[in-house]
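Since the structure comes first, as structure tokens, the remarks are kept for the end.
Protein chains: 2
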Amino acid sequence: MTEAKTEIRELIRALKTDYLPSVSIDFVIFGFHEGALKVLLLRWPYSTDWLLPGGRVGHTENLEDAAYRSLRERTGLDTVFLQQFYTFGNVIRTTYFAIEEILVQMGLTPEDIQGLPARDVSIGYYALVDHTKLNSVPDALTEESRWWNVDEVPKLLFDHNEMIILALKTLRRQLGYQPIGYNLLPDTFTMPQLQQLYETILGQSLDRRNFQKRMLSYGILDRLDEKKSTGAHKAPYWYRFNVANYQKALQEERMFIM
Amino acid sequence: MTEAKTEIRELIRALKTDYLPSVSIDFVIFGFHEGALKVLLLRWPYSTDWLLPGGRVGHTENLEDAAYRSLRERTGLDTVFLQQFYTFGNVIRTTYFAIEEILVQMGLTPEDIQGLPARDVSIGYYALVDHTKLNSVPDALTEESRWWNVDEVPKLLFDHNEMIILALKTLRRQLGYQPIGYNLLPDTFTMPQLQQLYETILGQSLDRRNFQKRMLSYGILDRLDEKKSTGAHKAPYWYRFNVANYQKALQEERMFIM
DNA sequence: TCAAAAGTGTTTAGCATACACCCATGC
DNA sequence: GCATGGGTGTATGCTAAACACTTTTGA
Numbered sequence: 081m082t083e084a085k086t087e088i089r090e091l092i093r094a095l096k097t098d099y100l101p102s103v104s105i106d107f108v109i110f111g112f113h114e115g116a117l118k119v120l121l122l123r124w125p126y127s128t129d130w131l132l133p134g135g136r137v138g139h140t141e142n143l144e145d146a147a148y149r150s151l152r153e154r155t156g157l158d159t160v161f162l163q164q165f166y167t168f169g170n171v172i173r174t175t176y177f178a179i180e181e182i183l184v185q186m187g188l189t190p191e192d193i194q195g196l197p198a199r200d201v202s203i204g205y206y207a208l209v210d211h212t213k214l215n216s217v218p219d220a221l222t223e224e225s226r227w228w229n230v231d232e233v234p235k236l237l238f239d240h241n242e243m244i245i246l247a248l249k250t251l252r253r254q255l256g257y258q259p260i261g262y263n264l265l266p267d268t269f270t271m272p273q274l275q276q277l278y279e280t281i282l283g284q285s286l287d288r289r290n291f292q293k294r295m296l297s298y299g300i301l302d303r304l305d306e307k308k309s310t311g312a313h314k315a316p317y318w319y320r321f322n323v324a325n326y327q328k329a330l331q332e333e334r335m336f337i338m
Numbered sequence: 081m082t083e084a085k086t087e088i089r090e091l092i093r094a095l096k097t098d099y100l101p102s103v104s105i106d107f108v109i110f111g112f113h114e115g116a117l118k119v120l121l122l123r124w125p126y127s128t129d130w131l132l133p134g135g136r137v138g139h140t141e142n143l144e145d146a147a148y149r150s151l152r153e154r155t156g157l158d159t160v161f162l163q164q165f166y167t168f169g170n171v172i173r174t175t176y177f178a179i180e181e182i183l184v185q186m187g188l189t190p191e192d193i194q195g196l197p198a199r200d201v202s203i204g205y206y207a208l209v210d211h212t213k214l215n216s217v218p219d220a221l222t223e224e225s226r227w228w229n230v231d232e233v234p235k236l237l238f239d240h241n242e243m244i245i246l247a248l249k250t251l252r253r254q255l256g257y258q259p260i261g262y263n264l265l266p267d268t269f270t271m272p273q274l275q276q277l278y279e280t281i282l283g284q285s286l287d288r289r290n291f292q293k294r295m296l297s298y299g300i301l302d303r304l305d306e307k308k309s310t311g312a313h314k315a316p317y318w319y320r321f322n323v324a325n326y327q328k329a330l331q332e333e334r335m336f337i338m
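Quick mapping for you: the protein sequence lines, in order, are chains A and B. For reference, each letter of the first sequence is one residue, going 81 to 338 in our numbering. For reference, each letter of the second sequence is one residue, going 81 to 338 in our numbering.
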């Protein structure tokens with residue numbers, strides 16, 4: 081048996097003993113890059129299908145702590161925007177049944193599989209991350225992981241396509257009552273970049289002047305000096321989020337109607 | 081041992097074998113009566129504290145089905161508005177530990193308690209019900225159940241106070257993009273009654289004329305004949321929800337800004 | 001005839017939308 | 001000097017908010 085297979089068996093063992101049975105976490109990790117909204121997917125060994133990264137909850141671990149821990153273990157990211165959006169509990173969603181073939185190829189014996197929870201209820205979280213800061217941490221169950229454009233996501237395992245759709249819908253609605261961009265953009269950014277982020281998430285273009293007017297009116301941005309030119313045109317200003325005001329706006333809700 | 085205690089032991093046994101371990105459901109059941117928003121609470125035998133009604137998920141039962149089933153078993157209501165709003169997973173939230181005293185008084189032995197999940201992750205649902213149609217179905221674990229005004233709810237067991245607060249917050253936000261009232265009002269109702277419902281949920285008073293104008297503009301109401309007088313004043317019209325349009329509005333979202 | 005509550009229409013103000021010209025830079 | 005993209009202000013229209021008088025009814 082290869083070392084990888086041994087590692088997988090160890091993971092499965094831990095799954096049975098170290099974590100709450102019947103409960104899992106799935107992450108829709110959004111990143112923003114080259115004007116497109118991306119989502120992080122991974123692929124198991126011996127499988128051609130992709131799926132969302134996930135995690136589990138320790139016996140004496142708070143759910144939210146488990147979500148942050150799992151995400152940190154997987155992405156190396158600590159300060160991310162992480163939000164629970166829905167809990168999925170259809171029976172067919174995660175029967176190990178459906179992926180038995182893969183499990184067998186992973187070198188798991190019937191005894192390994194025996195005792196796995198027959199189905200999970202999975203708590204969906206979505207995360208917004210600065211994709212330049214992410215360094216993917218591989219594990220034995222991850223053969224490959226990469227970013228996909230949200231509108232080019234293939235058919236995924238389980239109900240993970242629906243999860244992405246609902247996460248995106250929730251994210252768009254959230255844009256209506258909370259600011260967004262912190263943790264998703266670099267520390268300093270330009271107004272056109274911020275606007276592109278909004279346009280990408282909303283899937284529609286917005287008026288430059290009106291967008292800037294609204295954003296500035298919220299008082300969550302601090303303007304810095306000029307940007308070094310990146311092309312044959314006037315240089316845009318750098319902006320930075322005013323963290324205090326940004327946090328306050330997050331609390332307040334009810335502004336930010338797009 | 082009393083018959084009630086035998087029933088309780090049977091319930092606890094079923095809890096260990098018939099349902100997913102570590103997963104529970106809690107209901108914030110809202111009713112509207114006498115101009116006040118109410119929430120249904122219950123009290124266990126041998127306990128002075130109140131708490132939210134709950135349910136569990138069968139091994140081969142979809143989460144949503146389990147929610148509807150539990151609610152039906154408890155309230156006799158079939159067609160209710162039921163919405164998942166958050167999943168709670170703090171460790172301290174449901175340790176049986178915290179209520180050991182009560183369990184002992186219920187006649188449970190250490191062996192009964194042994195094997196109970198140490199903690200649950202609980203999926204919160206809120207329901208809107210026509211409180212006149214509710215007939216409470218008692219079980220061995222329910223010593224007493226009744227409606228409480230939402231602003232007079234006492235300190236509850238576990239984290240159930242927080243649950244009510246978050247459910248109400250979600251309900252209020254929902255009022256911003258979906259119509260509400262079907263399942264919460266009688267079949268026919270008057271405009272002032274509908275307005276009172278909105279005012280009650282939002283916790284603020286609204287302008288009569290503007291409210292009526294907006295409501296009628298949504299096309300979800302059918303006006304009937306005059307109401308029989310209920311006082312020394314002009315009789316209000318009866319209205320009824322136009323179910324087809326109401327359902328369509330529920331799908332559409334994004335209208336109904338209050 | 002008076003009090004209590006419901007029906008109804010108009011005016012106003014604020015905000016979101018639409019829209020155009022000037023400016024800086026690199027080639 | 002010209003093409004590219006960024007900066008900025010104003011005019012308009014729509015809709016939510018503010019607001020008052022008339023009608024019905026029972027006591």
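By construction, the Cβ of each residue, glycine as well, lies at the ideal position given by its N, Cα and C atoms.
Same chain only: Cβ atoms within 6 Å of residue i, ignoring 5 sequence neighbours per side
i: aspartate 302 (chain B); result: Arg320, Asn322
i: glycine 169 (chain A); result: Val201
i: leucine 122 (chain A); result: Pro133, Thr222, Ser225
Assigned secondary structure, residue i (DSSP; H/G/I helix, E/B strand, else coil)
i: aspartate 219 (chain B); result: coil
i: tryptophan 318 (chain A); result: strand
i: proline 133 (chain A); result: coil
i: isoleucine 337 (chain A); result: Summary for isoleucine 337 (chain A): the model assigns pLDDT 47, below 50, so the residue's position carries little reliability; its value from the coordinates is reported in the next sentence. Coil at isoleucine 337 (chain A), not helix or strand.
i: serine 104 (chain A); result: strand
i: histidine 240 (chain A); result: helix
i: arginine 199 (chain A); result: coil
i: alanine 146 (chain B); result: helix
i: lysine 293 (chain A); result: helix
i: leucine 208 (chain B); result: strand
i: valine 233 (chain A); result: coil
i: glutamate 306 (chain A); result: strand
i: isoleucine 300 (chain A); result: coil
i: glutamate 90 (chain A); result: helix
i: glutamate 83 (chain B); result: helix
i: glutamate 141 (chain A); result: coil
i: isoleucine 109 (chain A); result: strand
i: threonine 51 (chain A); result: Here chain A has residues from 81 to 338 only, and residue 51 (chain A) is not among them.
i: tyrosine 262 (chain A); result: coil
i: tyrosine 278 (chain A); result: helix
Beta-carbon contacts of residue i that lie in its chain and below 7 Å, excluding the five residues immediately before and after
i: threonine 270 (chain A); result: Lys307, Pro316, Tyr317, Trp318, Tyr319
i: glutamate 83 (chain B); result: none
i: arginine 93 (chain B); result: none
i: proline 272 (chain A); result: Pro316
i: proline 234 (chain B); result: Trp130
Cβ pair residue i, residue j closer than 8 Å
i: arginine 152 (chain B); j: proline 133 (chain B); result: no
i: arginine 149 (chain A); j: tyrosine 99 (chain A); result: no
i: valine 108 (chain A); j: tyrosine 206 (chain A); result: yes
i: glycine 115 (chain A); j: threonine 280 (chain A); result: yes
i: leucine 251 (chain B); j: glycine 156 (chain B); result: no
i: isoleucine 244 (chain B); j: leucine 208 (chain B); result: no
i: leucine 339 (chain B); j: isoleucine 203 (chain B); result: The structure shown does not extend to residue 339 (chain B), since chain B is modelled only from 81 through 338, so no value can be given for it.
i: glutamine 164 (chain A); j: tyrosine 166 (chain B); result: yes
i: alanine 146 (chain A); j: leucine 162 (chain A); result: no
i: aspartate 192 (chain A); j: arginine 89 (chain A); result: yes
i: threonine 97 (chain A); j: valine 171 (chain B); result: no
Boundaries (first-last residue) of the beta strand (DSSP E) holding residue i
i: tyrosine 323 (chain A); result: In the sequence under discussion, the amino acid at residue 323 (chain A) is valine, which differs from the tyrosine named in the question. Counting along the chain, valine 323 (chain A) falls outside any beta strand (DSSP E), though it belongs to the alpha helix (DSSP H) covering 323-332.
i: lysine 118 (chain A); result: 116-123
Interface flag, residue i vs chain B, CB-CB below 8 Å
i: serine 150 (chain A); result: no
i: methionine 338 (chain A); result: Bear in mind that the predicted position of methionine 338 (chain A) carries a pLDDT of just 46, short of 50, making it unreliable; the figure below should be weighed with that in mind. Closer than 8 Å: no.
i: leucine 95 (chain A); result: no
i: tyrosine 206 (chain A); result: no
i: glycine 169 (chain A); result: yes
i: glutamine 164 (chain A); result: yes
i: isoleucine 281 (chain A); result: no
Residue-level contact to chain A via CB, residue i, 8 Å cutoff
i: leucine 100 (chain B); result: yes
i: alanine 329 (chain B); result: no
i: leucine 143 (chain B); result: yes
Span of the alpha helix (DSSP H), counted from its first residue to its last, around residue i
i: glutamine 163 (chain A); result: No alpha helix (DSSP H) holds glutamine 163 (chain A); the beta strand (DSSP E) holding it covers 161-168.
i: glutamate 180 (chain B); result: 180-185
i: isoleucine 193 (chain B); result: 190-193
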